[in-house]
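Participant: The opening residue of the sequence shown carries number -6 in our numbering; numbering runs sequentially from there. Virtual Cβ for every residue (Gly too), placed ideally from N, Cα, C. This structure is a prediction, so every number in the text was calculated from the model and none was measured. Encoded as structure tokens, here's the structure I'll be asking about.
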Amino acid sequence: MKTEQIVLTGEGDDQIFRRAGQILRDGGLVAFPTETVYGLGANALDPNAAEKIFAAKGRPADNPLIVHVADPRDAEEFAVTTPAYYRLAAHFMPGPITIILDKKTLVPDSVTGGLNTVAVRCPAHPAARRLIQAAGVPIAAPSANLSGSPSPTTAAHVAADLSGRVDMILDGGECSIGVESTVIRLTKKGCTLLRPGEVLPRELAAFVEEVMVSPAVLDPDAAGDKPQSPGMKYRHYAPKTKLILVEDTASFVDFVNRQEQDCGVLAYTEDMERFAGRKVMDLGKKEDPAGQMHNLFRILREADNMQVPVIYAPLPPKTDEYLALYNRIIRAAGCEVIKGWT
Ligand code: AMP
Ligand code: MG
């Protein structure tokens, strides 16, 4: 398949969106920018189209897709909306949040991985919104990467993984947030956080009585065989090079300087100069979790160009602000953490 890659200018792209919308209605695949990461879109109400997503990504069939809408009310067509959904939607949508609701029969099983629930997201990125509107149907879209590799934050990342496997890639520049949406499941009393993202637990707590954090957020092994969010059980985001996390962040520089000379390092900006002769990549400033998260997926892709046998990185704290970073980097490292070496 030939993949058409088109750079969006922001204005006057009407014809491009009309064509992209037509491709989606015809059952094809279009990759597009969102404020979180690039998505790989298909018509969410067409089972054959949704199945093409799994084939293009090499995604396990039991890992469900998020359905994207231009307006929170559009979810009523295929999901059982509740007052809590609308309360949260009024504050957080459009934006980087995904809410799991009971599904209606209209959603194909291939989209929900056979679950009786469906994930709903209303993105804020103007190009994503124009694409959904142009298609005139809800868009099922996981991240536009090969399954298991880091999520794409530029169109070049998408092309590296999916060129020849999708009909069109819309290039809207670099994603502003750079980490996937916060995923929550509504419960009787409040909600359970299934995947951390830019919307933090304490922000959710202002709108619901109780916010539980699924144990799998911090510990992939806790997900078990039947996790609430099937995506949590898979090894994810991994560079090809071995990545090892070091728990004692205060002594991280000392630790790395005692390791093999040819190792690589993901380092805080402030420490970049302190690793004698090692290959260092800038993770971002120490007290800037959003900046670190913005960089992480790009760095994990670039890490493989360092040509080193192993890369060390500091284990982030488990606090609210760092939850998304912790959740992604622990999976990227296959849970390999060095503890208490000092
Ligand atoms: P991705 O689109 O690649 O960011 O992955 C979507 C994430 O949402 C995965 O972790 C899925 O397991 C999760 N997800 C999608 N639909 C559901 C659902 N119905 N119930 C629970 N988790 C879901
Ligand atoms: Mg993904």
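Hey, V60 and A112 are a contact pair by Cβ (cut 8 Å); roughly how many whole angstroms apart?
Facilitator: In the sequence shown, counting from the first residue as 1, residue 60 sits at position 67. In the sequence shown, counting from the first residue as 1, residue 112 sits at position 119. Cβ-Cβ separation between V60 and A112: approximately 6 Å, consistent with a contact (criterion under 8 Å).
Participant: Go to R291, then tell me how far its alpha helix (DSSP H) extends in each direction, as first and last residue.
Facilitator: The sequence position of residue 291 within the sequence shown is 298, counting from 1. Boundaries of the alpha helix (DSSP H) around R291: 282 to 296.
Participant: Should the stretch 156 to 166 be called in touch with the stretch -3 to 5, which here means at least 3 C-beta pairs below 8 Å?
Facilitator: yes
Participant: Is the number of C-beta pairs between the stretch 87 to 97 and the stretch 32 to 48 that are closer than 8 Å three or more?
Facilitator: Short answer: they don't touch.
Participant: Tell me whether S136, by its Cβ, gets closer than 7 Å to a heavy atom of the ligand MG.
Facilitator: By 1-based counting over the sequence shown, the position of residue 136 is 143. Yes.
Participant: Give the single residue among Y230, E266, D6, V204 whose Cα lies nearest to the Cα of A326.
Facilitator: Position 333 of the sequence shown, counted from the first residue, corresponds to residue 326. The candidate whose alpha carbon is nearest that of A326 is Y230.
Participant: If you follow the beta strand (DSSP E) that N109 is in, where does it begin and where does it stop?
Facilitator: In the sequence shown, residue 109 corresponds to position 116, counting from 1. Neither: N109 is in no beta strand (DSSP E) and is coded neither H nor E.
Participant: If I'm right that A29 touches P89 with Cβ under 8 Å, what's the distance once you round it to whole angstroms?
Facilitator: Within the sequence shown, numbered from 1, the residue matching residue 29 stands at position 36. Within the sequence shown, numbered from 1, the residue matching residue 89 stands at position 96. Here residue 29 turns out to be Thr, not Ala, going by the sequence shown. With 8 Å as the limit, T29 and P89 qualify as a contact, their Cβ atoms being about 5 Å apart.
Participant: Ignoring anything shorter than 4 residues or poking outside the stretch 57 to 123, list the alpha helix (DSSP H) runs there in chain order.
Facilitator: 76 to 85, 102 to 105
Participant: Check for me: the beta strand (DSSP E) holding N41 runs from which residue to which?
Facilitator: Here residue 41 refers to the residue found at position 48 of the sequence shown. Per DSSP, N41 belongs to no beta strand (DSSP E); it is in the alpha helix (DSSP H), 40 to 50.
Participant: Count Cβ pairs between the stretch -1 to 14 and the stretch 138 to 146 that sit closer than 8 Å; are there 3 or more?
Facilitator: Counting C-beta pairs with one atom in each stretch, the stretch -1 to 14 and the stretch 138 to 146 have fewer than three that are closer than 8 Å, which means they do not touch.
Participant: Kindly list the residues whose CB is nearer than 7 Å to the CB of V206, restricted to its own chain and excluding five residues on each side of it in sequence; keep chain order.
Facilitator: For this step, residue 206 is matched to residue 213 along the sequence shown. So the list reads L186, P194, once near-sequence residues are dropped.
Participant: Restricting to runs no shorter than 4 residues, where is the alpha helix (DSSP H) found entirely within the stretch 235 to 265?
Facilitator: 245 to 250
Participant: Using the rule of at least 16 other Cβ atoms within 10 Å of the residue's Cβ for burial, across every protein chain shown, is G190 buried or exposed?
Facilitator: Along the sequence shown, one-based indexing puts residue 190 at 197. G190 is buried by the Cβ-count criterion.
Participant: Can you tell me the Cα-Cα spacing of G224 and P57, whole angstroms?
Facilitator: Mapped onto the sequence shown, residue 224 falls at position 231. Mapped onto the sequence shown, residue 57 falls at position 64. In a straight line, the C-alpha of G224 is about 8 Å away from that of P57.
Participant: Using only alpha-carbon positions, find the residue among Y79, I331, K181 that is nearest to A91.
Facilitator: By one-based count along the sequence shown, residue 91 stands at place 98. The question names Ala, but residue 91 in the sequence shown is Thr. Answer by Cα proximity: Y79.
Participant: Under the criterion of a Cβ to heavy atom distance below 7 Å, does S222 qualify as lining the ligand MG?
Facilitator: The residue you call residue 222 lines up with position 229 of the sequence shown. No, since every heavy atom of the ligand MG falls outside the 7 Å radius drawn around the Cβ of S222.
Participant: Pull up the distance between the alpha-carbon of M274 and that of P310, whole angstroms please.
Facilitator: What you label residue 274 is simply residue 281 of the sequence shown in a count that begins at 1. What you label residue 310 is simply residue 317 of the sequence shown in a count that begins at 1. Going by the C-alpha atoms only, they are around 20 Å apart.
Participant: Between A49 and L155, is the Cβ-Cβ spacing less than 8 Å?
Facilitator: As a position in the sequence shown, residue 49 is number 56, starting the count at 1. As a position in the sequence shown, residue 155 is number 162, starting the count at 1. Against a cut-off of 8 Å, the Cβ pair of L155 and A49 comes out as a contact.
Participant: Hey, which unbroken runs of the alpha helix (DSSP H) at 4 residues or more fall wholly within the stretch 190 to 237?
Facilitator: Within the stretch 190 to 237, the complete alpha helix (DSSP H) runs of at least 4 residues are 194 to 197.
Participant: Going by C-alpha to C-alpha distance, which of R321, D67, S174 sits closest to Q126?
Facilitator: Within the sequence shown, residue 126 is the residue found at index 133, counting from 1. The shortest Cα separation from Q126 among R321, D67, S174 belongs to D67.
Participant: Beta-carbon within less than 6 Å of K182's beta-carbon, same chain only, minus the 5 sequence neighbours each way: which residues are those?
Facilitator: Here residue 182 refers to the residue found at position 189 of the sequence shown. If we look at K182 and ignore the five residues flanking it on each side, its Cβ neighbours are E202, E203.
Participant: Which of the three DSSP states is assigned to V176 in this structure?
Facilitator: Sequence index remark: in the sequence shown, residue 176 carries index 183 (1-based). DSSP places V176 in strand when its eight states are reduced to three.
Participant: Output the distance between the C-alpha atoms of C115 and R324, rounded to the nearest integer angstrom.
Facilitator: As a position in the sequence shown, residue 115 is number 122, starting the count at 1. As a position in the sequence shown, residue 324 is number 331, starting the count at 1. Roughly 26 Å between the two C-alpha positions.
Participant: When DSSP labels each residue in this structure, what does I170 get in the three-state scheme?
Facilitator: Looking up residue 170 in the sequence shown gives position 177. Looking at I170 - three-state DSSP - the assignment turns out to be coil, as it is neither helix nor strand.
Participant: On a Cα-Cα basis, can you pick out the residue from A133, L81, N109, S103 that is closest to V336?
Facilitator: Past the edges of the chain, shown from -6 to 335, lies residue 336, and the structure says nothing about it.
Participant: Where does A317 fall in DSSP's three states?
Facilitator: In the sequence shown, residue 317 corresponds to position 324, counting from 1. A317: helix per DSSP, three-state reduction.
Participant: As a quick exercise: from E253, T110, P232, K272, pick the residue whose alpha carbon is nearest that of N138.
Facilitator: Taking the first residue of the sequence shown as 1, we reach residue 138 at position 145. The shortest Cα separation from N138 among E253, T110, P232, K272 belongs to P232.
Participant: Ends of the alpha helix (DSSP H) at F268?
Facilitator: Numbered from its first residue, the sequence shown carries residue 268 at position 275. Neither: F268 is in no alpha helix (DSSP H) and is coded neither H nor E.
Participant: Indicate, with yes or no, if the ligand AMP has a heavy atom lying under 7 Å from the CB of T91.
Facilitator: In the sequence shown, counting from the first residue as 1, residue 91 sits at position 98. True, at least one ligand heavy atom lies under 7 Å from that Cβ.
Participant: Please state whether the Cβ-Cβ distance between N250 and F268 is less than 8 Å.
Facilitator: Start at 1 with the first residue of the sequence shown, and residue 250 comes out as number 257. Start at 1 with the first residue of the sequence shown, and residue 268 comes out as number 275. Cβ atoms of N250 and F268: closer than 8 Å.
Participant: Would you say P135 and I46 are within 8 Å of each other, going by their C-beta atoms?
Facilitator: For the purposes of this step, residue 135 is taken as the residue at position 142 of the sequence shown. For the purposes of this step, residue 46 is taken as the residue at position 53 of the sequence shown. In terms of Cβ geometry, P135 and I46 form a close pair [threshold 8 Å].
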